[in-house]
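Have a look at the structure below, then the notes.
Number of protein chains: 2
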Amino acid sequence: MARSWVNSAERIGADLHLELAGTGGRRAALIAALREAVRGGRLAPGTRLPPYRSLAADLGVARNTVADAYAELVAEGWLTARQGSGTRVAERAEPLRHPARGAVNGGTSPKADPADRPTPAPRHDLRQGTPDASAFPRAAWLTSYRRALQQAPNEVFGPGDPAGRVELREALTEYLARARGVRTEPGRIVVCSGFAHGLRLLFAGGVLRGPLAVEAYGLPFHRELLAGAGVRTLPLPLDRHGARVDRLGRERAVLLTPAHQFPTGGPLHAERRAAVVDWARARDGVVLEDDYDGEFRYDRRPVGALQGLDPDRVILLGSVSKSLSPAVRLGWLVLPERFVGGVLAAKGEREAWASVLDQLSLAEFITGGAYDRHVRRMRQRYRSRRDRLVAALAEHAPHIEVTGVAAGLHAVLRLPPGTERSAVKAAARQGVALDGLAAFRHPEADMDAGDGLVVGCATPSEHAYTAALEALCRALPPHAPGTRPSKS
Amino acid sequence: MARSWVNSAERIGADLHLELAGTGGRRAALIAALREAVRGGRLAPGTRLPPYRSLAADLGVARNTVADAYAELVAEGWLTARQGSGTRVAERAEPLRHPARGAVNGGTSPKADPADRPTPAPRHDLRQGTPDASAFPRAAWLTSYRRALQQAPNEVFGPGDPAGRVELREALTEYLARARGVRTEPGRIVVCSGFAHGLRLLFAGGVLRGPLAVEAYGLPFHRELLAGAGVRTLPLPLDRHGARVDRLGRERAVLLTPAHQFPTGGPLHAERRAAVVDWARARDGVVLEDDYDGEFRYDRRPVGALQGLDPDRVILLGSVSKSLSPAVRLGWLVLPERFVGGVLAAKGEREAWASVLDQLSLAEFITGGAYDRHVRRMRQRYRSRRDRLVAALAEHAPHIEVTGVAAGLHAVLRLPPGTERSAVKAAARQGVALDGLAAFRHPEADMDAGDGLVVGCATPSEHAYTAALEALCRALPPHAPGTRPSKS
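Residue numbers (the working numbering), protein chains in the order written: chain U, 216 to 703; chain Y, 216 to 703.
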């Protein structure tokens with residue numbers, strides 16, 4: 216797994232030895248290695264980094280991997296990117312650390328600096344993927360937790376059931392049927408730590424085998440996790456009806472985001488939903504349904520989960536990471552019966568993984584109605600944020616089209632061709648962390664969704680959202696860059 | 216990963232198709248498959264199972280794997296074993312289900328039977344490995360949880376730090392230094408879900424490579440996890456000073472239980488402790504220290520962690536699974552700095568795994584002194600249980616020697632040669648679930664620790680312990696079986 220790279224003194228001014236270790240994916244490993252090199256002083260402030268192409272060749276990774284890693288570290292504040300001068304180590308390389316990377320503190324000092332607690336977030340975090348952390352329903356959750364802890368029989372504190380607590384699986388059976396049209400039973404649900412853990416169980420655990428068809432645009436993180444498990448992913452093109460499931464080839468499994476294509480934003484067309492289930496039946500295949508934000512639909516009733524069409528052909532993966540908080544670390548797999556044993560074996564008989572008390576607390580939270588209340592409240596909040604984003608753009612950047620806003624926690628801002636990368640950099644200069652559409656494109660995709668910014672509306676707290684929108688608008692290209700658009 | 220087995224009608228009375236799926240190890244997979252076959256009715260009550268040897272040959276697994284799987288299912292009540300009639304499917308195959316296997320309920324009925332909640336434990340559970348579930352400090356834990364939840368900054372509910380919350384890593388740094396002589400800093404600690412998760416991160420994550428030297432006796436579960444990650448384990452013989460570390464060969468890593476060899480019970484001798492660190496320095500090797508019950512020493516001050524001898528050569532793995540409860544799902548890796556990046560990459564940048572709220576609660580629990588108070592209380596309780604075990608044996612089975620009782624949550628009852636397997640079966644007939652020493656022996660070990668029963672003193676609740684001891688004493692061979700000992 217480890218790779219090393221000694222690059223020439225001309226390029227970086229010092230021999231540098233990068234180790235890309237672990238199975239978290241090359242992008243993650245490269246980010247970690249570069250961050251470590253900057254933090255440890257091996258890459259001095261102001262040092263110019265090699266062009267994507269050279270570093271990619273040196274390390275034997277894709278050019279996009281390097282570009283993504285640089286962009287991430289720019290967003291985090293470790294690097295800076297300026298037109299014409301390339302990517303350099305930031306002069307003061309610690310300004311914008313993301314909470315998820317607070318770890319790097321501890322390494323430098325015997326005792327982490329109290330001033331680093333809590334680790335500061337980026338000035339404006341408009342990355343997709345996380346809910347509003349300030350909205351966690353502390354009081355209601357504590358009530359559920361207390362009740363769960365007080366009612367728990369003693370055996371709760373013994374060895375855990377690898378499937379997860381039956382109380383939670385029962386609560387999920389009822390909730391998912393009601394809210395998402397899922398047809399299942401407690402014995403077909405396996406509780407896990409979140410979507411990624413579910414995917415690991417299925418593939419690293421040997422329950423399913425690659426190749427896996429995926430949407431041409433999706434989370435690189437998922438593709439990297441799969442690649443780490445030795446699973447080849449084959450991109451399905453997207454069009455305005457969603458994934459082109461008619462293009463499925465010899466694969467036996469496909470991963471889709473039917474409720475709300477991530478990141479481009481539309482639901483999978485009804486005919487495609489039926490077609491992919493037919494495909495699975497005909498080929499003894501299986502559809503993995505990433506139901507990542509199925510609860511957050513604004514303009515009409517949520518479309519039910521694909522799983523309801525054929526519970527024996529669809530594996531639904533869900534979690535509370537978007538609806539409640541990723542800090543809770545609870546997700547679930549809703550499985551056809553034939554996969555249950557394999558998933559449990561992959562999970563490990565003595566490894567419950569997910570906190571049992573949190574499982575009981577969530578069961579209580581759901582059955583007592585607090586989960587529904589919270590989702591309703593957050594749906595209103597995110598809808599209002601979407602409306603504010605649309606309004607801000609209409610006022611300050613009316614030439615920018617916004618798409619994918621009928622549901623979910625993010626929107627896509629369509630940009631003129633060729634402007635995406637510079638827009639991401641311009642955003643970073645405004646202190647705005649976000650990603651361009653290209654960051655989500657499968658390297659082997661044979662289609663291109665065009666230039667765009669993926670804007671997460673949920674991450675900033677309520678009071679910080681307006682400032683984040685203003686900073687975003689300042690970063691947007693006034694018109695097509697360099698030239699005036701022909702119509703103006 | 217999947218294997219199938221169609222056995223002949225003569226042996227089981229029906230064609231049976233067993234799938235050993237997943238990476239949880241073959242033993243776990245076989246247990247799951249057999250349990251499923253019984254539960255689903257494919258193996259009818261009374262059906263005689265094939266001899267170990269035949270089934271092992273059919274499945275291509277070790278004979279011990281089959282023997283272990285049968286023994287486990289006997290203990291759980293799915294199978295029965297009677298002298299002379301082999302192993303059969305129990306007539307009423309659901310009497311003694313273990314809490315950890317409650318999952319199998321859900322699968323049979325759309326809604327798990329409320330009468331199954333909580334799932335009943337074995338009548339007398341004397342298996343090692345879990346603390347007294349009735350002793351979980353609910354009130355103190357809830358106080359810590361409430362305080363943690365109320366004090367938590369909002370960013371807690373955002374994406375997690377894959378290293379774990381810095382509050383917990385700081386609390387562990389201080390606690391482990393004080394209680395276990397561990398020398399580290401928060402930046403070298405990675406929080407995980409428990410020991411097994413830590414081991415997975417190191418090996419499945421590609422941070423360390425096999426072969427790995429292990430003690431000739433240890434948890435099969437750990438060996439299976441490692442085998443699933445493609446790691447070959449090489450057994451080190453044990454003698455009265457612990458593992459023969461002078462026998463280390465070309466391996467670069469060794470896994471030890473220095474404080475209290477599991478399961479035989481002695482501490483690693485001081486000279487061996489020094490020798491293994493010298494070995495690691497000389498060979499650029501690493502020692503994995505499984506500090507599984509370092510807090511529970513009764514007769515003198517706990518021996519400090521080996522890690523303190525050389526923090527750059529020892530990885531310490533610890534958890535609260537024995538000290539508090541496996542339900543909390545929190546453990547830690549204390550790492551030499553060079554491994555931190557790799558472990559974090561293996562963990563996955565967006566996968567915190569462990570409940571963040573439980574992490575904060577544990578930090579609060581430790582720093583507020585509640586953890587020390589709980590450990591002190593449990594030390595007294597377990598010491599008293601050990602004393603009661605020793606007294607019961609002195610009264611009812613004075614010919615049985617008890618060893619390994621200076622520390623920990625289990626004891627070893629030495630048996631006359633050749634009597635172990637029948638003693639385990641006799642215990643099962645008395646409703647006592649426990650394991651023989653053979654269940655822990657590495658299949659390639661070139662030494663034998665003799666016959667013995669590994670008796671967990673911690674699992675029964677206080678009120679059930681006396682009855683469990685009585686049942687155990689009834690199951691013990693009165694003297695050497697068949698013949699009277701020569702001295703009587």
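We put the CB at the ideal spot given by N, CA and C, even for glycine. Because the structure is a prediction, the values reported are computed rather than measured.
Out of the options, state which residue places its alpha-carbon closest to the alpha-carbon of residue i.
i	options	result
G623 (chain U)	U:H589, U:D514, U:D573 and U:R544	U:D514
V469 (chain U)	U:E504, U:R395 and U:P435	U:E504
E385 (chain Y)	Y:F410, Y:I581 and Y:G646	Y:I581
R544 (chain Y)	Y:S576, Y:V558 and Y:D527	Y:S576
D376 (chain Y)	Y:H437, Y:A560 and Y:L684	Y:A560
V529 (chain U)	U:S536, U:G480 and U:R467	U:R467
L451 (chain U)	U:E659, U:V501, U:P551 and U:A485	U:E659
L630 (chain U)	U:G619, U:I615 and U:R459	U:I615
E486 (chain Y)	Y:T472, Y:R403, Y:H456 and Y:L471	Y:H456
R603 (chain Y)	Y:C688, Y:V590, Y:Y267 and Y:D663	Y:C688
R644 (chain U)	U:L383, U:R488 and U:A305	U:A305
Reducing DSSP to helix, strand and coil, say where residue i ends up.
i	result
A458 (chain U)	strand
H475 (chain U)	coil
A686 (chain U)	helix
D602 (chain Y)	helix
H589 (chain Y)	helix
R648 (chain U)	It should be pointed out that residue 648 (chain U) corresponds to Ala in this sequence rather than to Arg. In this structure, A648 (chain U) counts as strand in the three-state DSSP scheme.
H339 (chain Y)	strand
L311 (chain U)	Interpretation of L311 (chain U) is limited by its pLDDT of 29, a score under 50 that renders its predicted location unreliable; no figure is taken from the coordinates.
R398 (chain U)	coil
Using the DSSP secondary-structure output, state which residues sit across from residue i in a beta bridge.
i	result
L449 (chain U)	U:A428
R629 (chain Y)	Y:E616 and Y:G667
C407 (chain U)	U:G546
R393 (chain U)	None; R393 (chain U) has no bridge partner.
T295 (chain U)	U:R303
D505 (chain Y)	Y:L532
A622 (chain U)	U:R512
V469 (chain Y)	Y:A428 and Y:V502
Since residue i and residue j should fall inside the 8 Å C-beta cutoff, what is the C-beta to C-beta distance between them, to a whole number of angstroms?
i	j	result
D340 (chain U)	R596 (chain U)	Not really, about 16 Å apart at Cβ, beyond 8 Å.
R395 (chain Y)	A520 (chain Y)	4 Å
T448 (chain Y)	H657 (chain Y)	7 Å
L343 (chain Y)	P541 (chain Y)	The sequence given here places Gln at residue 343 (chain Y); Leu does not occur at that position. Not a contact, Cβ separation roughly 13 Å.
V670 (chain Y)	L649 (chain Y)	6 Å
F410 (chain Y)	G546 (chain Y)	6 Å
V549 (chain Y)	V397 (chain Y)	6 Å
Can you find a C-beta in chain Y that's less than 8 Å from the C-beta of residue i?
i	result
G292 (chain U)	no
P526 (chain U)	no
W568 (chain U)	yes
S637 (chain U)	no
A673 (chain U)	no
R572 (chain U)	According to the sequence displayed, residue 572 (chain U) carries Leu and not Arg. Chain Y, which has a Cβ nearer than 8 Å to the Cβ of L572 (chain U), makes this yes.
T681 (chain U)	no
P345 (chain U)	It is worth fixing the name first, because residue 345 (chain U) is Thr in this sequence and not Pro. Chain Y, which has a Cβ nearer than 8 Å to the Cβ of T345 (chain U), makes this yes.
S348 (chain U)	A quick correction: the sequence has Ala, not Ser, at residue 348 (chain U). A348 (chain U) counts as touching chain Y.
S540 (chain U)	yes
F436 (chain U)	yes
F193 (chain U)	A question about residue 193 (chain U) goes unanswered here, because the residues of chain U that appear run from 216 up to 703.
A308 (chain U)	The predicted position of A308 (chain U) is uncertain, since its pLDDT is 42 and thus under 50; a value taken from the coordinates is nonetheless stated next. No, because no Cβ of chain Y sits closer than 8 Å to the Cβ of A308 (chain U).
V543 (chain U)	yes
Verify the CB distance criterion: does residue i have a CB-CB separation below 8 Å to chain U?
i	result
N279 (chain Y)	no
H625 (chain Y)	no
Y360 (chain Y)	yes
G375 (chain Y)	yes
E370 (chain Y)	yes
G322 (chain Y)	Bear in mind that a pLDDT of 33 at G322 (chain Y), under 50, signals an unreliable position, so the model cannot answer this.
A286 (chain Y)	no
Please indicate yes or no: does the CB of residue i lie closer than 7 Å to some heavy atom of the ligand SAH?
i	result
I530 (chain Y)	Absence of the ligand SAH is noted for the structure shown, with no ligands found whatsoever.
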